[in-house]
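These notes are about the structure you will find just below.
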């Protein structure tokens, strides 16, 4: 099925030794992507020492209406550059929200990812809460460099909210906790399903962040 696609998500499961080659594997995937989208670039790579999950974001030059079959050359190049047991996969991502953070001028050392599927009947309100209150609020917290939310059209969960952070302590700071403690947050958060929260170390940033865009 055709899906709006702004980025490709490159994922793998790696130990610490394997993580050292993850950024290079994402660049290999990008070399394959450039055969079709010449201006594509790797925006961010990150890895979690707790779970072994690695995330890479390959930005396309413009939004594409794309079939999943278009991912195969990218997946092939990505897989070849990783250990055989890395569980490599590539997904189409659609940008729903993106905003520069309060600490835009600082270098992010951590990348925090929250993935979830909305409970049946709650999708509209959950995504409205994310994009009109929660994401803008967290972007404004000191220590947040960038906040973005993406729709995963292949290997869900559907909603992927990600935050580039100066330090892990940003998550426990009073301003961050205040945003999370709103009445609207308390009403909708119980309706997350298939939730995954992953704190990663950043591995590389090859290009400036995309200019802030809000698509409602």
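Residue numbers (the working numbering): 19 to 234. For each residue, glycine too, the CB sits at the ideal point set by N, CA and C.
Suppose you measure from the CA of residue i to the CA of residue j; what does that come to, to the nearest Å?
{"i": "residue 90", "j": "residue 110", "result": "12 Å"}
{"i": "residue 41", "j": "residue 221", "result": "7 Å"}
{"i": "residue 152", "j": "residue 209", "result": "15 Å"}
{"i": "residue 88", "j": "residue 37", "result": "26 Å"}
{"i": "residue 39", "j": "residue 201", "result": "43 Å"}
{"i": "residue 94", "j": "residue 205", "result": "43 Å"}
{"i": "residue 113", "j": "residue 82", "result": "11 Å"}
{"i": "residue 191", "j": "residue 159", "result": "9 Å"}
{"i": "residue 19", "j": "residue 25", "result": "17 Å"}
{"i": "residue 119", "j": "residue 194", "result": "12 Å"}
{"i": "residue 224", "j": "residue 71", "result": "Confidence at residue 224 is low in this model, with a pLDDT of 43, below 50, so the placement of that residue should be treated as unreliable; the coordinate-derived value is given next. Taking the straight line from one Cα to the other gives about 20 Å."}
{"i": "residue 154", "j": "residue 31", "result": "30 Å"}
{"i": "residue 183", "j": "residue 134", "result": "20 Å"}
{"i": "residue 106", "j": "residue 203", "result": "34 Å"}
{"i": "residue 228", "j": "residue 197", "result": "Note that residue 228 has pLDDT 36, beneath the 50 cutoff, so the model's placement of it is unreliable and no number is given."}
{"i": "residue 122", "j": "residue 162", "result": "7 Å"}
{"i": "residue 53", "j": "residue 145", "result": "34 Å"}
{"i": "residue 124", "j": "residue 185", "result": "11 Å"}
{"i": "residue 108", "j": "residue 199", "result": "34 Å"}
{"i": "residue 55", "j": "residue 132", "result": "28 Å"}
Quickly, what does DSSP pair residue i with across the bridge? List them, please.
{"i": "residue 59", "result": "77"}
{"i": "residue 65", "result": "72, 219"}
{"i": "residue 129", "result": "182, 218"}
{"i": "residue 13", "result": "Residue coverage of the chain in this structure runs from 19 to 234, which leaves residue 13 outside it and unanswerable."}
{"i": "residue 135", "result": "211"}
{"i": "residue 27", "result": "75, 109"}
{"i": "residue 82", "result": "23"}
{"i": "residue 276", "result": "Given that the chain is displayed from residue 19 to residue 234, the structure contains no residue 276 and the question cannot be resolved."}
{"i": "residue 191", "result": "DSSP lists no partner for residue 191."}
{"i": "residue 177", "result": "134, 169"}
Report yes if the C-beta distance between residue i and residue j is below 8 Å; otherwise report no.
{"i": "residue 181", "j": "residue 130", "result": "yes"}
{"i": "residue 157", "j": "residue 96", "result": "no"}
{"i": "residue 219", "j": "residue 127", "result": "yes"}
{"i": "residue 64", "j": "residue 92", "result": "no"}
{"i": "residue 164", "j": "residue 178", "result": "no"}
{"i": "residue 73", "j": "residue 29", "result": "yes"}
{"i": "residue 207", "j": "residue 175", "result": "no"}
For the putative contact between residue i and residue j, defined by C-beta atoms under 8 Å, what is the C-beta separation to the nearest angstrom?
{"i": "residue 58", "j": "residue 27", "result": "Contact flag wrong, Cβ pair sits at about 13 Å."}
{"i": "residue 66", "j": "residue 188", "result": "Incorrect: roughly 16 Å between the Cβ atoms, too far for contact."}
{"i": "residue 102", "j": "residue 43", "result": "That pair is no contact at about 13 Å."}
{"i": "residue 171", "j": "residue 21", "result": "4 Å"}
With respect to 7 Å, is the separation between the Cβ of residue i and the closest non-hydrogen atom of the ligand MN below this value?
{"i": "residue 39", "result": "Questions concerning the ligand MN fall outside what the structure shown contains, since it holds no ligand whatsoever."}
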